[in-house]
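Per our numbering, the sequence shown starts with residue 2, numbered consecutively.
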Amino acid sequence: MVERKPTAERLSLFSDGVFAIIITILVLELRPPHEASFTALKELWPEGLSYAVSYWFLAVVWINHHHVLRFAETATPRLIWANFAHLFSVSLIPFTTAWIADSDLGSAPVTLYALVFVAVNVTYLALCWEAVDRPSHENSSDRIRRMMRMRSLATIVLFLSAALIALWSPALGLGVIVFCLLLYVRPDVSEVST
């Protein structure tokens, strides 16, 4: 009997299921207004804003997750645990999103939201280390690895800054978070410019 190594494709498929569940939980938190008027809908702006940012964030994380996993040849135990850590941090997004909505963009919820994004980025770095840096790949240059690491480290600093800024100005802190997301819209930027 030949022992088969777990594939990165299976890990990716499992992760897709987790992302689908997280998005489902996120959307289930949306509640329609109790009145049938546009004024009542307008009062739900914190829910709409936090949902839109979180949905966009989940899309960006999912795209980058797939980008990184394409470098993995096998699902090593370290890669599997890095992936679980990453998925755990991502699973906290619906909770912080709901708290932001319930608090009308409160300081503490936006600060925690930014800190969750720090955790997502730290675990993303671990995922990159296990999928891209640790194995020797002919399809990933040192420049690609360096650019992925630099972008992750820079956004960790920006997300930490967003957390501190949110203590005094939640809207500005959320703005910094959105800016950080723009840096991840294209996961392959470092490859395109080579």
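In this text, a Cβ means the ideal position worked out from N, Cα and C, and glycines have one as well.
- Sequence-distant Cβ neighbours of S16 in its own chain, meaning closer than 7 Å and more than five residues away, are H66, N84 and L88.
- In the DSSP annotation of this structure, the continuous segment of the alpha helix (DSSP H) that includes S55 starts and ends at W46 to L70.
- Distances from the alpha-carbon of A60 to those of I24, L161, W46 and W82 put I24 closest.
- Assignment of beta-bridge partners to T40 by DSSP yields no partner.
- Beta-bridge analysis with DSSP links T75 to T8.
- Less than 7 Å separates the beta-carbon of L128 from that of V69.
- Annotation: the continuous alpha helix (DSSP H) that includes P110 extends over S108 to C129.
- In the structure shown, the three-state DSSP call for S104 is coil.
- Each residue's CA atom was taken as its position, placing P171 and S104 some 11 Å apart.
- When rounded, the separation of the alpha-carbon atoms in G174 and P110 is 11 Å.
- Residues of the same chain with a CB within less than 7 Å of the CB of S51, apart from the 5 flanking positions on each side, are T98, I101 and A102 in chain order.
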